[in-house]
Amino acid sequence: MISRRMDLRSAGSARRRKVAGAALGGVLAAAFGPGWVLALDAATFLIVGVLSATMRVDGRLRKRVGLVTELREGWSEFAGRRWLWSVVAQSAVVNALGVGAFAVLGALASSRQLGGARDWGFILSCDAIGMILGGLLMVRLRPPRLLVTGVSAAALLVLPLAAFAAGAPLPVICAASLFAGVGVEISASTG
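In this text, residue positions in the sequence shown follow the working numbering: the first is 398, and each later residue adds one.
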């Protein structure tokens, strides 16, 4: 029980940093424009790449047996666990359709239907707040079936997409995004 709590707390801490980064990105995009924010993001990746290239790594790795053999072993382990590949398939669909549609179409719809980058920043901030709330909720809750809870919570991602599609006003889309953030975090915390 204690290790599960510690795992959730350390995972929650990492996710809170990601959420704070996403919220900061939304605020910066609203303040300076998305082009400058993407340029800054690219520069941080360049810096990390340069720093990573200069790192020395010591240690022993297990002897390689060949790429095809390793792929075959890994695939048989993966395919032999129905619960694992079904959750991975669900996550792939959610990420491709739900998260991808929200990130791309949400920004486009904010530009066309709402006030542009400023409103998109509000929507992303509500999503980030929802993720924080979802993380706090998962520290307290102990659902008996974690994977079922996580897979079910991912369905909340449809809320902001439905709100955009219905032409809802900004406060409704923000509320939907907040609930979607809760769902994303619950799903991520249980997977």
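Glycine is no exception: its CB is placed at the ideal position from the N, C-alpha and C atoms.
DSSP state of residue i mapped onto helix, strand, coil
i	result
threonine 441	helix
methionine 452	coil
lysine 415	helix
arginine 542	coil
valine 555	helix
valine 462	coil
arginine 537	helix
glycine 527	helix
alanine 476	helix
proline 566	coil
leucine 430	Here residue 430 turns out to be glycine, not leucine, going by the sequence shown. Three-state DSSP puts glycine 430 in coil, outside helix and strand.
arginine 469	helix
Classification of residue i by the beta-carbon crowding that lies within 10 angstroms, buried from 16 upward
i	result
tryptophan 517	buried
alanine 559	exposed
serine 449	exposed
glycine 547	buried
serine 483	exposed
valine 491	buried
proline 557	buried
alanine 562	exposed
serine 473	exposed
valine 416	buried
alanine 514	buried
threonine 587	buried
valine 485	exposed
glycine 512	exposed
valine 545	exposed
valine 434	buried
Assumed close pair residue i, residue j - CB separation to whole angstroms, cut-off 8 Å
i	j	result
isoleucine 520	isoleucine 570	6 Å
leucine 553	alanine 577	5 Å
alanine 426	alanine 525	With 8 Å as the limit, alanine 426 and alanine 525 do not qualify as a contact, their Cβ atoms being about 13 Å apart.
leucine 468	glycine 527	So it is not a contact: roughly 38 Å between Cβ atoms.
glutamine 510	glycine 430	Incorrect: roughly 19 Å between the Cβ atoms, too far for contact.
glycine 580	glycine 531	7 Å
serine 522	glycine 423	6 Å
arginine 413	isoleucine 529	6 Å
valine 555	glycine 495	7 Å
Residue-level contact to chain C via CB, residue i, 8 Å cutoff
i	result
glycine 432	The displayed structure is made up of one protein chain only, and chain C is not part of it.
Which whole runs of the alpha helix (DSSP H) in the stretch 496-524 are 4 residues long or more, in chain order? 497-510
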